[in-house]
Amino acid sequence: MSGTPGTKPPGAGTSLFEHALRLHGATPDAALPRNGEPYPDDAYRRGRPAAEHPCHRDRIGAEVAAVLDEHFADPGTDPGVLFGRFQDIHVPIHPNPRMAGAAARGGDRAREAGRRLVVHGTDRDDVAVGLALLAEVCTEDDIPLLRTIGLLSCSFGALAAHALERLPGGAGPLLWLADRVAGWGRVYVVESLCRLADAHPDVRPWLLRTAVDGDFLNGCFAGTVAETVDLRRALAGTAADPGIVDHAGELLHVLTGCQGMGITLADLPHAEDVLAAYLGHLGRLGPSPRRYRAVAHLALGLGEGGDVGSIGPARRWWTFRDGCRALLDREEWCATAREALAAGDEDMARLAERSAGDLCSRAFGDARPSPRHG
Numbered sequence: 000m001s002g003t004p005g006t007k008p009p010g011a012g013t014s015l016f017e018h019a020l021r022l023h024g025a026t027p028d029a030a031l032p033r034n035g036e037p038y039p040d041d042a043y044r045r046g047r048p049a050a051e052h053p054c055h056r057d058r059i060g061a062e063v064a065a066v067l068d069e070h071f072a073d074p075g076t077d078p079g080v081l082f083g084r085f086q087d088i089h090v091p092i093h094p095n096p097r098m099a100g101a102a103a104r105g106g107d108r109a110r111e112a113g114r115r116l117v118v119h120g121t122d123r124d125d126v127a128v129g130l131a132l133l134a135e136v137c138t139e140d141d142i143p144l145l146r147t148i149g150l151l152s153c154s155f156g157a158l159a160a161h162a163l164e165r166l167p168g169g170a171g172p173l174l175w176l177a178d179r180v181a182g183w184g185r186v187y188v189v190e191s192l193c194r195l196a197d198a199h200p201d202v203r204p205w206l207l208r209t210a211v212d213g214d215f216l217n218g219c220f221a222g223t224v225a226e227t228v229d230l231r232r233a234l235a236g237t238a239a240d241p242g243i244v245d246h247a248g249e250l251l252h253v254l255t256g257c258q259g260m261g262i263t264l265a266d267l268p269h270a271e272d273v274l275a276a277y278l279g280h281l282g283r284l285g286p287s288p289r290r291y292r293a294v295a296h297l298a299l300g301l302g303e304g305g306d307v308g309s310i311g312p313a314r315r316w317w318t319f320r321d322g323c324r325a326l327l328d329r330e331e332w333c334a335t336a337r338e339a340l341a342a343g344d345e346d347m348a349r350l351a352e353r354s355a356g357d358l359c360s361r362a363f364g365d366a367r368p369s370p371r372h373g
């Protein structure tokens with residue numbers, strides 16, 4: 000099915016690019032609410048059957064590439080005819096060699112078509128094809144476009160990150176996007192940043208202080224981040240930045256429960272040195288609610304009830320588990336936890352409810368979360 004050249008496909012309204020711009024205007028410094036969902040094309044897509052997934056992996060993207068090659072073969076054809084052409088075709092949302100090949104063959108026409116589809120596409124398949132084209136042939140002029148559509152990160156984060164990663168000036172825009180995506184989108188962007196750690200002076204500090212945000216999917220990249228920034232070296236010495244120390248604790252906690260997703264604590268080189276350095280810094284810095292929670296979660300992850308697939312034999316970590324427990328038993332740490340709980344800290348309330356055995360008993364004792372947390 001093809002639309003009238005230069006128009007949007009029938010049955011469509013707001014473009015996804017306009018949708019991303021509008022939501023971003025309401026939350027300019029954070030991820031879009033619900034990752035931008037629902038999309039404007041949701042009802043439209045529910046009314047049609049899903050395209051059949053190719054039976055063989057090497058055929059993924061082949062049908063899209065055939066449509067693109069046909070289009071590029073006629074230099075007089077307007078890019079607008081591509082709107083709606085992909086409705087009955089499986090369109091991958093990750094970089095794809097067949098679609099990349101079609102983009103390379105299309106050259107300047109691929110760039111023109113990519114821009115048209117991304118900016119004016121009202122169906123996510125059209126936008127994904129446009130992004131796949133730009134991922135191969137974009138220029139720095141496309142950075143604002145790529146950043147904006149990348150905010151709809153669960154659908155377009157992989158291709159947007161791939162496109163920005165390929166650009167000479169793409170590291171800075173990737174950092175901008177990293178602060179405004181969540182879930183799978185954050186996975187794609189952080190993985191790209193790890194590959195560009197030396198391409199921009201702000202990338203490595205961001206990875207050291209900000210990469211993990213508490214989402215379960217952090218397990219896909221936490222180990223790669225730890226290796227990329229050389230966490231052991233970052234924590235070496237006696238004066239590591241408090242922000243690096245705090246983020247390191249959260250990163251280590253992720254590594255205790257990410258088997259099947261990425262590098263685990265058991266696989267992390269020099270993991271014992273990293274843990275020892277982390278605990279040493281905490282003894283110097285003293286408690287905060289964030290540190291108390293991180294140490295409690297880490298102690299649980301390193302114990303006998305931890306994820307064996309991520310930590311291996313628990314006895315390997317007994318020294319560090321006991322070091323965590325010793326911190327949690329200090330009076331100033333307990334007082335910090337109690338004060339946070341009394342102040343309505345929801346994360347501390349959840350920890351009080353879930354902590355196993357006597358791990359946090361000295362801090363919480365008979366304290367219970369306020370009724371609004373129950």
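Just so you know, we're using numbering that gives the first Met the number 0 here: the sequence shown kicks off at 0 and counts up by one.
For every residue, glycine included, the Cβ atom is placed at its ideal position computed from N, Cα and C.
Residue from the options with nearest C-alpha to residue i
i    : options                   : result
L251 : L195, L173, P94 and C323  : C323
G204 : Y187, D229, G218 and V186 : It should be noted that the sequence gives Pro, not Gly, for residue 204. Answer by Cα proximity: D229.
A65  : V128, S191 and L254       : V128
L173 : A198, Y38 and C153        : A198
V202 : L326, W183, F215 and E164 : E164
D306 : G12, P78, V80 and L264    : L264
A42  : D28, T13, P53 and A19     : T13
Which of helix, strand or coil DSSP assigns to residue i
i    : result
E36  : coil
I395 : Outside the modelled stretch of the chain, which goes from 0 to 373, sits residue 395, for which no answer is possible.
V244 : helix
F220 : coil
D107 : helix
G236 : coil
C359 : coil
P96  : helix
C137 : coil
M260 : coil
I88  : coil
H18  : helix
T26  : coil
G322 : helix
R45  : helix
F215 : helix
E249 : helix
R179 : coil
D77  : coil
Rounded straight-line distance, which links the Cα of residue j to that of residue i
i    : j    : result
C257 : D266 : 11 Å
A131 : T121 : 16 Å
I92  : E51  : 15 Å
R114 : C137 : 9 Å
L274 : T26  : 37 Å
G2   : A196 : Confidence is the limiting factor: at G2 the pLDDT is only 41, short of 50, which leaves the residue's position unreliable, though a coordinate-based value still follows. Looking at the two C-alpha atoms, the distance is approximately 43 Å.
L150 : R47  : 26 Å
A162 : L281 : 40 Å
R84  : L67  : 10 Å
E17  : R123 : 13 Å
S287 : E331 : 9 Å
P167 : A313 : 45 Å
A362 : L297 : 16 Å
A112 : C193 : 30 Å
S191 : A61  : 25 Å
D57  : L207 : 37 Å
S238 : A270 : The sequence as given places Ala at residue 238; Ser does not occur at that position. If you take the alpha carbons of A238 and A270, they lie about 20 Å apart.
R21  : E36  : 13 Å
R45  : L176 : 29 Å
R349 : D212 : 17 Å
G222 : H89  : 32 Å
L254 : N34  : 25 Å
Nonlocal neighbours in the same chain, by C-beta distance under 8 Å from residue i, ignoring five residues either side
i    : result
L284 : P241, V244 and R290
M347 : P288, Y291, R292, A336, A339 and L340
A103 : A109, E135 and V136
P370 : Note on P370: pLDDT 47, under 50, position unreliable in the model; no value is reported.
H23  : L31, T147, L150 and R179
Cut-off 7 Å between Cβ atoms - residues of its own chain near residue i, not counting five sequence neighbours on either side
i    : result
W316 : L301 and I310
A247 : L230, L234 and Y277
N95  : I59, G60 and A131
G156 : G149, V180, W183, G184, Y187 and V188
D321 : none
V117 : F16, V126, G129, L130, L133, L144 and I148
Nonlocal neighbours in the same chain, by C-beta distance under 6 Å from residue i, ignoring five residues either side
i    : result
A210 : V189 and V224
D357 : none
D272 : R231
C219 : V186, M260 and G261
A394 : Coverage of the chain is limited to positions 0 through 373, which leaves residue 394 absent and any answer about it impossible.
M98  : G60, V63, A64 and A131
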